[in-house]
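Numbering (mature numbering (1 follows the signal peptide of the UniProt record, and there is no 0)) for the sequence shown: -23 to -1, 1 to 887.
The beta carbon of each residue, even a glycine, is placed where N, CA and C say it ideally should be.
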Amino acid sequence: MKPALTYYALLVLLLAFCFSCKTDSEKKKYVIGVSQCTLEGSWRKSMLLDMKVQASEYPGVSLLVEDAADSSLLQVEQIRSLIKRKVDLLIISANESEPVTPIAIEAYRAGIPTILVDRKISSDEYTTYIGGNNYEIGRQAAFFVNRQVKEKYPTVLEVWGLSGSSPAQDRHRGFMDVLNSRTKVKEIYGKWKPETVEKEIAKMDSLEEVDVVFAHNDVMAMAARRAIEKKHPGLADQIRFVGIDAVSGRGSGLEAVMHGELAASILYPTGGSLAIRVAMQILNGEDVSRQYLLSSALIDKNNAGTLFIQSEQVVDYQHQIELQRENLESMLSKYTFLQSSVSIILLLMGLLLLSALYVIHVNRTVKRKNRELKRTNLQVQQQKEELAEANRYIEKSTAQKLQFFTNITHEIKTPLTLILGPLGKLSKEAPEGSSLADDIRIIRKNAERLKRVVDQLLDFRKVESNKMNMRVGEVDLVAFVAEVKSCFDTMAAAKQIHFTFEHDCPSVSIWVDRDKMEKILANLLSNAFKFTLDGGTITVRLKDKGDQVELSVEDNGKGIPLENIASVFDRFFTGDQNYVTGTGIGLHLTREFVHMHKGTIRVESVPHKSTVFTVVLLKGKSHFDESCTFDLSVTELSSGVANLNTDELQEALDRTYDYTVLVVEDDPDIQGYLQAELKQNFHVLVADNGVKALEVLMSEEVSVVVSDVMMPEMNGFDLCRKIKSDIVLSHLPVMLLTALSDDKQQMYGAASGADAYIQKPFNIEVVKLRIIKLLEDRARLREAYARDASSPAVSVKEEKAESMDDLFMNRFLKLIEESYADPDFSIEKGSEKLGLSRVHLYRKVKELAGVTPTDFLRNYRLKKAAALLRRKAGNVNEVAYATGFGSPAYFSKCFKAVYNITPTEYLEKE
């Protein structure tokens, strides 16, 4: 009975542990109070929508929004109510600074983090401020007015917002500081409301002298225009109206600029999304800045149209995100119910299992003693066999070691393809946050680590053989280092290492090879993390020193003994660090990459205190020689990349195509993987080498060839060359897959006529998209041939053909032109004259022109006949015989099938 009680106790503890883990794993719920001065106007509505969309990314976060309706007294009462409801964080957009300041201070002193958005208060007692630089916005408006106004003594009508609000005060101050001293300024107070502006303008005596109207927001600017037009028809077209906000949507300021109603508007971001992100950082105990100033920009008629279209798309995307969020909440509710049901079922199953275990336990106890002696003897025998097998394995491994390390870099790339490819697919299918997703992430992380090791070995070989090329471009080194540093943040958190990045400048441009610069910094950081104990410190520093930049990585780990300092950059040097492993080539490669940038690297170390690796790089690009390839700057290359839409790519990957792909691969696993993946979109044929591939191509209709390079009997380069030099097969696109990484090998593949070249390990979706692109290019070429060849006025090009396909089509068109009038001419005779079999001619013409040779000839004759009928070059019978038709009746039948009209009716119509 005692074992049974033990089992029951263990089961209860296990279930309690599971439920406690479940409870602990649930994320804490937060309530964020939002006090808005008003929710009227498209700008305020856009801010609220940004907050809701951003908050949807954080499960357990709810927003409690209050609308003060432009009343400071009401806003004070609403904030006091939010304080009593004990919200976790408060976001305030004050109607007026002075009235709201006391209650905002009260909330802050009550321990509630307070974020000010758009408008400040008259105190420094708040957590952070998020908003535009209203003073700078006023300056931008003044600069624009100074450029636009050509009058000697111009007059500007400034339409204020609420006089007590900080944005209105800052905008006025910035505007007046920059405005030309010759400019006369009139002021009215619109209080952010269009009806107030219209009333104030109606009271003014004269408006003829006004050259520019500057309003503190777009709504008041458009109201001023309407009021002036109503009071003095035609005068509004002579005045330039300038507003602030440039909100998107129908009837907004951005649309008004696009239509010319406003001369310009200053873009004033809402900051709604940033407010929620900063709020979550505060609630998670992270440090935040004292203020976040949002960027602004001048919008005029030159860029308003483009921004308006983009904003309409963003609004549509936000609507879709909101719908998806609602669907997700519904699914989560169902999931919670199912999860509770499963827990109850598991509890019942556990009780049943416990009873079964007790029965089994009683039975096994009787037999256990009898089996112990047999098990001991069996273990001894197994250990002897394992020792013998281990000895044989060691002998075999020793004999193969040299050959293994000779081929390891290329051989590993093939299985890496079979690992990373399916892992990419599994990572998309695995539920986010599940244990399966975590396992896949660990596997993928280590597979990519293995890939980096292989790449490092390849880089080492290239450096040693002086085959490493430089491809340099201009980058912002501050942003670049921050990006590389972010890849190690997770490791730093796991080891509780204080990991920081210090720099004395916001940005610094420098010309580097991005790939090699990333490897330099990654190697130094990897080395620092390897030798720094948990709880240590690692600091990355970047200093701008005029004509050069100094980048350093410092850690407080074990350090480097003085006698090893001179050898740390030597090949295969690992020192006496027996508690870590490494290849001994990481720092050697780092030094070589730095020298390729014409820079220097040094190390300083005090054992058990600090170790500092310092890299010094030159600015500019004059120090690079002619062997380097220069790319465009990162900003030029990355323009528009952040908003790429992948929907069309995914749609292309989800379709099936009536094309046949021939996979030529000697490795059965790679061949099977490619066949299984590609057959989801294409018909697939396979061959083991180039010789068998040519046999398949001669007997089957193939649309594209995907071939490995290293194969027995005939490699991929020779196969590609044979395809491109054969008149029957030259139209087929060829894609080469290879583990070879040398640039010369890729150039050799391109010289053999390959249409695409992809290195292993490859992304299967990239392979599919390249195949689809090749087939689309071939389809466009086919349409061009069909369009040119179907014209009765087509003539054979006399210039040199650009490809073998052009040469073939020129020969074929010349043959049709010379023979179409002969009624005895047929495609069989044409194939003999062209030196091709009827089957090969059929495939070639169908692939290039999109129709069979017989249809091509018949259509050609009909178009010639139509041209003769339009010129009235003879009656129907004469035209039929002149274009090679054996009988007028057959000619009339074919003509009507194409033109839906008889030749006689066509002749009379013309």
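DSSP state of M24 mapped onto helix, strand, coil: If DSSP states are grouped into helix, strand and coil, M24 belongs with the helices.
Option in V455, Y634 and Y650 with minimal Cα separation from I749: From the listed residues V455, Y634 and Y650, the smallest Cα separation to I749 is found for Y634.
For L746 and L626, believed in contact at Cβ under 8 angstroms, the rounded distance: Indeed, because the Cβ distance is near 7 angstroms, the residues count as touching under 8 angstroms.
At least 3 beta-carbon pairs within less than 8 angstroms: the segment 213 to 224 vs the segment 260 to 272: Two segments are said to touch when three or more pairs of C-beta atoms, one from each, lie closer than 8 angstroms; by this definition the segment 213 to 224 does not touch the segment 260 to 272.
Integer-rounded CB distance, given that T104 should sit under 8 angstroms from I69: Not really, about 11 angstroms apart at Cβ, beyond 8 angstroms.
As assigned by DSSP and simplified to three states, the class of V187: Coil.
Close-in-space but distant-in-sequence residues of the same chain around C871 (CB under 7 angstroms, 5 per side omitted): Only R835 and L839 meet the Cβ criterion.
Contact check, V190 vs A198, beta carbons under 8 angstroms: In this structure, V190 sits near A198, with a CB-CB distance shorter than 8 angstroms.
Residue span of the alpha helix (DSSP H) that contains K176, given as start and end: Judged by DSSP secondary structure, K176 falls within the alpha helix (DSSP H) whose first and last residues are P171 to K180.
Three-state secondary structure assigned by DSSP to K810: Correct three-state label for K810: helix.
Opening and closing residue of the alpha helix (DSSP H) in which M494 lies: Residues R491 to F508.
G693, DSSP secondary structure in three states: In the structure shown, G693 sits in a helix (DSSP, three-state: H, G or I).
Outcome for C464 when other beta-carbon atoms lying within 10 angstroms are tallied against a minimum of 16: That one is exposed.
Buried or exposed by the 16-neighbour rule on C-beta atoms within 10 Å, applied to G88: Only exposed fits G88, as fewer than 16 other CB atoms lie within 10 angstroms of its CB.
Distance between beta carbons of Y837 and K793, contact taken as under 8 angstroms: The displayed chain sequence assigns Ile, not Lys, to residue 793. Confirmed, about 6 angstroms.
Beta-carbon spacing of W20, V255 below 8 angstroms: Taking the C-beta atoms as reference points, V255 is found no nearer than 8 angstroms to W20.
Three-pair Cβ contact test at 8 angstroms for the segment 687 to 700 versus the segment 665 to 677: Flag = yes, the segment 687 to 700 and the segment 665 to 677 touch.
Through-space distance from G248 to S143, alpha-carbon basis: Approximately 16 angstroms, taken between the alpha carbons.
Cβ neighbours of T606 in the same chain (closer than 6 angstroms, five flanking residues each side left out): R448, listed in sequence order.
Closer than 7 angstroms: T860 CB and nearest the ligand SAH heavy atom: The ligand SAH is absent from the structure shown, which contains no ligand whatsoever.
Minimum C-alpha distance to F862 - residue among V94, E363 and A842: Of V94, E363 and A842, the residue nearest in Cα terms is A842.
Sequence-distant residues of the same chain with beta carbon closer than 7 angstroms to S680, five excluded per side: For S680, the CB contacts under 7 angstroms within the same chain, skipping 5 residues up- and downstream, are Y636, T637, V638 and L752 in chain order.
Residue from M468, K886, V489 and I542 with nearest C-alpha to T514: It is M468.
Straight-line Cα distance separating A45 from L51: Whole-angstrom Cα-Cα distance: 6 angstroms.
Residue environment, E232, which counts as buried when at least 16 other CB atoms sit within 10 Å: Flag for E232 reads buried.
Residue of F506, M573, Y7 and H585 minimising C-alpha distance to D602: Of the listed residues, the one whose Cα sits closest to D602 is M573.
Closest residue to K99 among K361, E113, I80 and M28 (Cα-Cα distance): In the sequence on display, residue 99 carries Ser and not Lys. Here the closest residue by C-alpha is I80.
Buried or exposed by the 16-neighbour rule on C-beta atoms within 10 Å, applied to F121: Label assigned to F121: buried.
Cβ separation of L566 and V489, assumed to be a contact under 8 angstroms, to the nearest whole Å: V489 and L566 do not touch by the CB rule: their CB atoms are close to 15 angstroms apart, not below 8 angstroms.
Residue(s) in a DSSP beta bridge with L595: According to DSSP, L595 bridges with Q525.
Completely contained alpha helix (DSSP H) runs for the segment 239 to 305, where each covers 4 or more residues: For the segment 239 to 305, the continuous alpha helix (DSSP H) assignments of 4+ residues that do not extend past its boundaries occur at 249 to 260, in sequence order.
Cα-Cα separation between G450 and G807, rounded to whole angstroms: Distance between the alpha carbons of G450 and G807 is about 56 angstroms.
Burial state of F314 (16 or more Cβ within 10 Å): With fewer than 16 other Cβ atoms within 10 Å, it is exposed.
Nearest to N533 (by Cα), restricted to the options V234, V526 and L510: Closest in alpha carbon position to N533, among V234, V526 and L510, is L510.
Buried versus exposed, by CB contacts within 10 Å (16 or more), residue 890: Any property of residue 890 remains undetermined from this structure, which presents the chain solely from -23 to 887.
Simplified DSSP assignment, three categories, for L325: Three-state result, L325: helix.
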